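**Student:** In UniProt numbering, the protein residues as written are 1 to 170.
Beta carbons are placed, not taken as given, at the ideal position from N, Cα and C, and that holds for glycine.
The structure displayed is predicted, hence computed values, not measured ones.
1. Identify the continuous alpha helix (DSSP H) that holds residue 114 and give its terminal residues.
2. Would you call residue 23 buried or exposed, if buried means 16 or more other Cβ atoms sit within 10 Å of its Cβ?
3. Hey, quick one: how far does the beta strand (DSSP E) through residue 67 stretch, first residue to last?
4. Measure the Cβ-Cβ separation of residue 70 and residue 4 and say whether it is below 8 Å.
5. What residue range is occupied by the uninterrupted alpha helix (DSSP H) comprising residue 90?
6. Using the DSSP secondary-structure output, state which residues sit across from residue 100 in a beta bridge.
7. Just curious, the beta strand (DSSP E) that residue 155 is in, first and last residue?
8. So residue 132 and residue 38 are in contact, right, with Cβ under 8 Å, and what is the actual spacing, rounded?
9. Tell whether a beta-carbon distance below 8 Å holds between residue 52 and residue 9.
10. Check whether the Cβ atoms of residue 141 and residue 108 lie closer than 8 Å to each other.
11. Please return the same chain residues whose Cβ sits closer than 7 Å to the Cβ of residue 29, not counting the five positions on each side in sequence.
12. Shortest alpha-carbon distance to residue 35 belongs to which of 165, 66, 158?
13. Which partner residues of residue 16 appear in the DSSP bridge assignment?
14. Could you tell me which of 18, 72, 104 sits nearest to residue 89, measuring between CA atoms?
15. Can you tell me which of 13, 2, 122 puts its alpha carbon nearest to the alpha carbon of residue 103?
16. Hey, how far is the Cα of residue 11 from the Cα of residue 106?
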């Protein structure tokens with residue numbers, strides 16, 4: 001498990017077809033869908049997840065942060081780009097643990113790799129999530145197939161002992 005995942009929110013939304021389509025109708029819903037998808041893998045693939053949304057063209061004087069489903073969501077302040085904030089986060093976090101950065105912005109990938117983080121393109125992130133989902137599904141199915149719904153598996157030990165006594169009294 002990697003310690004940190006930093007996500008360039010709008011970059012991933014625009015790269016994933018289902019989120020891009022959702023964003024055309026309602027950007028807020030696509031942000032929530034991205035956060036929900038990522039939150040399913042917090043603690044499995046990454047210890048902490050930070051999603052950065054670019055608000056540099058908005059008239060927001062201060063950076064806005066919130067926790068959603070255990071994920072730190074950061075909206076940049078006016079004049080600040082997601083790229084510059086991601087670079088600063090990488091610089092701060094790379095000494096504290098392993099850092100993955102999800103973006104398909106080639107320029108940004110080069111910078112973050114130079115600072116010691118591992119890059120994940122939007123496609124790589126989607127593939128990693130899909131493969132992990134499949135592994136979890138297979139593990140669940142294997143565990144369930146190993147369990148048979150027999151009476152012996154459903155009864156507690158005391159009941160089994162009493163039935164065994166009754167059976168041998170014949």
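**Tutor:** With the given structure in hand:
1. 106–114
2. buried
3. 64–68
4. no
5. 82–93
6. 5, 118
7. From DSSP, residue 155 is part of no beta strand (DSSP E); its letter is neither H nor E.
8. Wrong, their Cβ atoms sit about 12 Å apart, outside the cutoff.
9. yes
10. no
11. 22
12. 66
13. Paired residue(s): none; residue 16 is not in a bridge.
14. 72
15. 122
16. 11 Å
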